[in-house]
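Enquirer: Sharing a structure below in structure tokens format, with a few things to ask.
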Amino acid sequence: LSKQAIGQFRFFEKQMNRTIYEKIHMERELRKALEAEEFELHYQPQIQLQTGKVIGIEALIRWKHREKGMISPNAFIPIAEETGFIISINEWVMETACRQTKLLLHQYPSLSVSINLSPCEFESRKLIYKLAKILEKTDFPPHCLDIEITERMTMDTEKAIPILKELKNVGVNVSIDDFGTGYSSLSYLKKLPIDRLKIDRSFVQNVQKEEEAILPAIITLGHNIGVKVLAEGVETELEAAYLKEKQCDEVQGYYYTRPLPYGELVQFLDQHKQQ
Ligand code: C2E
Ligand code: CA
Ligand code: CA
Ligand code: CA
535 LSKQAIGQFR FFEKQMNRTI YEKIHMEREL RKALEAEEFE LHYQPQIQLQ TGKVIGIEAL
595 IRWKHREKGM ISPNAFIPIA EETGFIISIN EWVMETACRQ TKLLLHQYPS LSVSINLSPC
655 EFESRKLIYK LAKILEKTDF PPHCLDIEIT ERMTMDTEKA IPILKELKNV GVNVSIDDFG
715 TGYSSLSYLK KLPIDRLKID RSFVQNVQKE EEAILPAIIT LGHNIGVKVL AEGVETELEA
775 AYLKEKQCDE VQGYYYTRPL PYGELVQFLD QHKQQ
């Protein structure tokens with residue numbers, strides 16, 4: 535790596551003490567990227583364990599930078615959240631995910647697309663309004679859209695419940711992402727109008743270790759409050775078999791496939807079609 539390349543990489547790293555000038559510069563870069571259509575969505579299939587069927591796809595953003603190549607969301611989403619530009623980015627994500635998935639619904643009518651929303655987007659009611667507008671514009675069935683929000687955000691239940699209720703009114707589904715990492719109060723979980731828990735990858739990795747008791751406990755907890763449970767980051771056949779035995783509903787991970795560009799997703803769906 536050249537000195538310049540290292541400098542550019544650092545530029546996108548999450549930093550604790552970025553100056554206001556750096557933030558302005560980064561926001562300008564993100565804005566240019568959006569205008570130059572340098573963002574794209576990759577999709578990771580979600581599989582129902584009992585049937586092996588693909589029941590959903592998660593949209594994950596990528597930045598194809600003209601000079602720096604592919605930039606991972608971990609390198610720019612935190613900056614976008616800090617500057618507020620995430621709102622523009624996620625508007626693009628919502629619309630693109632609906633538009634691209636809509637093209638698949640003729641062949642796969644029960645397919646659902648998941649999108650990730652950042653906690654800061656729930657600060658204003660504009661989100662619900664914008665979401666409804668995009669659903670209308672793309673003529674997308676709301677029940678085929680799943681909104682992933684992190685457990686962090688739902689921990690402030692007083693704030694979260696009204697927003698979740700509004701989302702349910704629009705007709706979309708809601709999943710709690712990275713579940714298990716935020717230590718949310720379990721008694722409040724019942725009160726949240728949600729459809730699914732997504733168990734964080736860290737619990738799946740420890741399947742064979744001392745934390746073994748946690749994973750089945752989360753699955754049972756989810757079922758007791760009447761929601762589906764999806765395990766993230768499944769990388770081996772062993773993990774998949776274990777989760778199936780523990781009655782986990784759905785899985786997602788490299789064992790099945792990495793997130794795929796749209797064209798490859800179409801091929802994947804075709805190969806995994808079941809009559
Ligand atoms: P996340 O929502 O928890 O997404 C799961 C991440 O795990 C993805 O990383 C995915 O590629 C990766 N992954 C999937 N299966 C496996 C596996 O088997 N093993 C391992 N080690 N990793 C796996 P990715 O795409 O780099 O996204 C990172 C994070 O960036 C996401 O975490 C999400 O929080 C955020 N993000 C991605 N796209 C968007 C977006 O459109 N909007 C917002 N607000 N955030 C996004
Ligand atoms: Ca997610
Ligand atoms: Ca996650
Ligand atoms: Ca995450």
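Position one of the sequence shown corresponds to residue 535 (UniProt numbering), numbered consecutively onward. Note that CB positions come from ideal geometry on N, CA and C, so glycine has one too. If you're wondering where the values come from, they're calculated on a predicted model, not measured in any experiment.
Among all the DSSP beta bridges, which residues are the ones paired with lysine 762?
Expert: Arg730.
Enquirer: What is the DSSP secondary structure of aspartate 680, counted as helix, strand or coil?
Expert: Three-state result, aspartate 680: strand.
Enquirer: Check whether the stretch 671–685 and the stretch 693–707 touch, using three or more Cβ-Cβ pairs below 8 Å as the test.
Expert: Enough Cβ pairs lie closer than 8 Å, so yes.
Enquirer: Below 7 Å CB to CB, which residues in the same chain sit around glutamate 657 once its five sequence neighbours on both sides are set aside?
Expert: Taken in chain order, the list of residues that qualify is empty.
Enquirer: Any heavy atom of ligand 3 closer than 7 Å to the CB of lysine 732?
Expert: The answer is yes for lysine 732.
Enquirer: Select from Lys807, Val800, Leu726, Ile733 the residue whose C-alpha is nearest the C-alpha of cysteine 782.
Expert: Of Lys807, Val800, Leu726, Ile733, the residue nearest in Cα terms is Ile733.
Enquirer: Determine the DSSP secondary structure at glycine 590, reduced to helix, strand or coil.
Expert: Strand at glycine 590.
Enquirer: Return yes when at least one heavy atom of ligand 2 lies under 7 Å from the C-beta of aspartate 711, else no.
Expert: Result yes, Cβ under 7 Å from ligand 2.
Enquirer: Cβ of glutamate 682 within 7 Å of any heavy atom in ligand 2?
Expert: Result yes, Cβ under 7 Å from ligand 2.
Enquirer: Out of curiosity, what's the CA-to-CA distance linking tyrosine 663 and glutamate 682?
Expert: In a straight line, the C-alpha of tyrosine 663 is about 17 Å away from that of glutamate 682.
Enquirer: With H, G and I counted as helix, E and B as strand and the rest as coil, what does DSSP make of valine 708?
Expert: In this structure, valine 708 counts as strand in the three-state DSSP scheme.
Enquirer: In whole angstroms, what is the alpha-carbon distance linking arginine 565 and glutamate 572?
Expert: Computed Cα separation, rounded: 10 Å.
Enquirer: Taking one C-beta from the stretch 613–625 and one from the stretch 574–588 each time, how about it: are there three or more such pairs within less than 8 Å?
Expert: Judged by Cβ distances under 8 Å, the stretch 613–625 makes no contact with the stretch 574–588, as fewer than three pairs qualify.
Enquirer: Which parts of the stretch 756–803 are runs of the alpha helix (DSSP H), unbroken and 4 residues or longer, counting only runs that do not cross its ends?
Expert: Qualifying alpha helix (DSSP H) stretches, in chain order: 771–779.
Enquirer: If we count Cβ pairs, one from each stretch, closer than 8 Å, do we get three or more for the stretch 723–731 versus the stretch 758–770?
Expert: The stretch 723–731 vs the stretch 758–770: in contact.
Enquirer: Which value, in whole angstroms, describes the spacing of the CA atoms of histidine 640 and tyrosine 555?
Expert: So the two alpha carbons sit approximately 48 Å from each other.
Enquirer: Per the DSSP calculation, serine 648 is bridged to which residue(s)?
Expert: Note: serine 648 sits in a beta bridge opposite Glu592, Asp680.
Enquirer: Span of the beta strand (DSSP E) holding glutamate 615?
Expert: Where glutamate 615 is concerned, there is no enclosing beta strand (DSSP E), although the alpha helix (DSSP H) it sits in stretches over 607–617.
Enquirer: Taking just the CA atoms, how far does lysine 671 sit from valine 785?
Expert: Rounded to the nearest angstrom, the two C-alpha atoms are 31 Å apart.
Enquirer: Assuming glutamate 574 is part of the beta strand (DSSP E), what are its boundary residues?
Expert: 573–582 is the extent of the beta strand (DSSP E) around glutamate 574.
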